[in-house]
Amino acid sequence: LARSRPAQPPLAAAAQPPSPAYHSPRGTGPPARRRNRPDAATRGPPLALSPPRDPLWLSLLVQKALAGLRRINLDGLRWRVFDAKGQVLGRLASQIATVVQGKDKPTYTPYREDGDMCVVINARDICVTGRKLTDKFYRWHTGYVGNLKERSLKDQLVKDPTEVIRKAVLRMLPRNKLRDDRDRKLRIFEGSEHPFVDRPLEPYIMSPRNVREMRPRARRALIRAQKKSEQTTADTAKKKSKDKAGITE
935 LARSRPAQPP LAAAAQPPSP AYHSPRGTGP PARRRNRPDA ATRGPPLALS PPRDPLWLSL
995 LVQKALAGLR RINLDGLRWR VFDAKGQVLG RLASQIATVV QGKDKPTYTP YREDGDMCVV
1055 INARDICVTG RKLTDKFYRW HTGYVGNLKE RSLKDQLVKD PTEVIRKAVL RMLPRNKLRD
1115 DRDRKLRIFE GSEHPFVDRP LEPYIMSPRN VREMRPRARR ALIRAQKKSE QTTADTAKKK
1175 SKDKAGITE
């Protein structure tokens, strides 16, 4: 015969304090055992916090720049610094693309990654020629019907100037498997501050820009356009002064 468990008297059950409500999948029950965790009475003093760092080092862009170096073999590579202040976008991007591919070395091989590290500073001071600020657009599609997005170069420089230089350089590189490795060697910063001051940096000297002399016909056309603009401005001012004098009378 099976043993029957003796029933607990109701008074004894009512005398016990109610168990606290625990958030467990099986309902109320005893708390889970903590393994290797000392109590508050035997716990030591809290660890001292590290001293506060410069906000530059805590920014997301700098953390991303430092984290990407883990996948790069830095043995034997040079650290070239490009100052984008006052430089034309296309000329600067072509020089960076040459260095990041290793084409300036006598040991250049197309199928092997042998480029140097490129650190670009002052990206917000880049220059463009002509009317590219308003006429050049970056376009992308979200994947939804009718969601073709576009942004002018002027707006992109305000939003993220580093992306302007990155796109210009990447679109000059060959579309192969080495493109991602070369992209990791490109570090672009908006200002002059960067986290690679402890590296052996070598400034890259840009060759002087060869500005072509304006042809005589184009010079005469420019002079005529300037005179016409000045004459239009003078006529407008004279007309406004006459209208103002008539209203006063």
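This note's numbering numbers the first residue of the sequence shown as 935 and each following residue consecutively. All C-beta atoms, glycine included, are put in the ideal place defined by N, C-alpha and C. Note that the structure is a prediction, hence the values are computed from the model and not measured.
Of all C-beta pairs linking the stretch 1060 to 1071 to the stretch 1036 to 1052, fewer than three are shorter than 8 Å, placing the two stretches out of contact.
Following the DSSP letters along the chain, one finds E1124 in no alpha helix (DSSP H), marked with neither H nor E. L1120 counts as buried, since at least 16 other C-beta atoms from the protein chains shown sit within 10 angstroms of its C-beta.
Residue range L1087 to K1093 is occupied by the alpha helix (DSSP H) that includes V1092.
For the pair R1100 and D1048, the Cα-to-Cα distance works out to about 19 Å.
Taking 9 Å as the cut-off, the Cβ atoms of L1112 and W1013 do not count as close.
Nearest neighbour of K1019 by Cα position, chosen from N1056, K1161 and Y1138, turns out to be N1056. Along the stretch 1042 to 1116, the beta strand (DSSP E) occurs as fully enclosed runs of 3 or more residues at 1051 to 1055, 1071 to 1075 and 1082 to 1086, listed in sequence order.
The three-state reading of DSSP puts P1137 in strand, counting E and B together.
Assigned with DSSP and collapsed to three states, R1014 falls in strand. When the five nearest sequence neighbours on each side are left out, the beta carbons in the same chain lying within less than 7 Å of the beta carbon of S1126 are those of I1055 and N1056, in order along the chain. Beta-bridge analysis with DSSP links L1120 to C1052. Distance from the CA of L1107 to the CA of K1174, rounded to the nearest whole angstrom, comes to 56 Å. Between Q1090 and E1097 the beta-carbon gap is near 7 Å, inside 8 Å, which marks them as a contact. Classified as exposed, G1010 has fewer than 16 neighbouring CB atoms from the shown chains inside 10 Å of its CB. Nearest Cα to K1070 within the set D1017, S1028, Y1078 and S1086: S1086. In this structure, R1109 lies away from V1034, with their beta-carbon atoms at least 9 Å apart.
R1065 and K1088 have their C-alpha atoms some 10 Å from each other.
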